[in-house]
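Read through the structure below, which is laid out as structure tokens, and then see the notes.
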Amino acid sequence: MKYVYLLKSLSHPDERYIGSTVDLQARLAQHNDGRVSHTSKYVPWEIHVALRFHDDKRAEDFERYLKSGSGHAFAKRHLW
Numbered sequence: 000m001k002y003v004y005l006l007k008s009l010s011h012p013d014e015r016y017i018g019s020t021v022d023l024q025a026r027l028a029q030h031n032d033g034r035v036s037h038t039s040k041y042v043p044w045e046i047h048v049a050l051r052f053h054d055d056k057r058a059e060d061f062e063r064y065l066k067s068g069s070g071h072a073f074a075k076r077h078l079w
């Protein structure tokens, strides 16, 4: 099982991040410990939305979609 997650920075509310992982809590800890280069400037982070997929390929496809132009629009309308 894999999670697709959307994070929101608590210190910089306009900063957001989309990712995927098999261990959601461990990955959030990595973001908040500054061990992820893309998010280290904006710690701390909170999980805004997390979706669990039984099919890893579907999770990867959905993450890729959310990071696309139309996926950003979808997330803005329905997830943020």
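Numbering-wise, numbering that gives the first Met the number 0 puts 64 at position 65 of the sequence shown, and it's gapless, one number per residue.
Backbone N, C-alpha and C define an ideal beta-carbon position, used for all residues, glycine too.
If you're wondering where the values come from, they're calculated on a predicted model, not measured in any experiment.
{"Asked": "Delimiting residues of the beta strand (DSSP E) encompassing residue 71", "Found": "Where residue 71 is concerned, there is no enclosing beta strand (DSSP E), although the alpha helix (DSSP H) it sits in stretches over 68–77."}
{"Asked": "Spatial distance of residue 28 from residue 2 (CA atoms)", "Found": "15 Å"}
{"Asked": "Boundaries (first-last residue) of the beta strand (DSSP E) holding residue 16", "Found": "15–20"}
{"Asked": "Start-to-end residues for the beta strand (DSSP E) that takes in residue 51", "Found": "44–52"}
{"Asked": "Limits of the unbroken beta strand (DSSP E) element including residue 4", "Found": "1–8"}
{"Asked": "First and last residue of the uninterrupted alpha helix (DSSP H) at residue 26", "Found": "23–31"}
{"Asked": "Straight-line Cα distance separating residue 24 from residue 59", "Found": "18 Å"}
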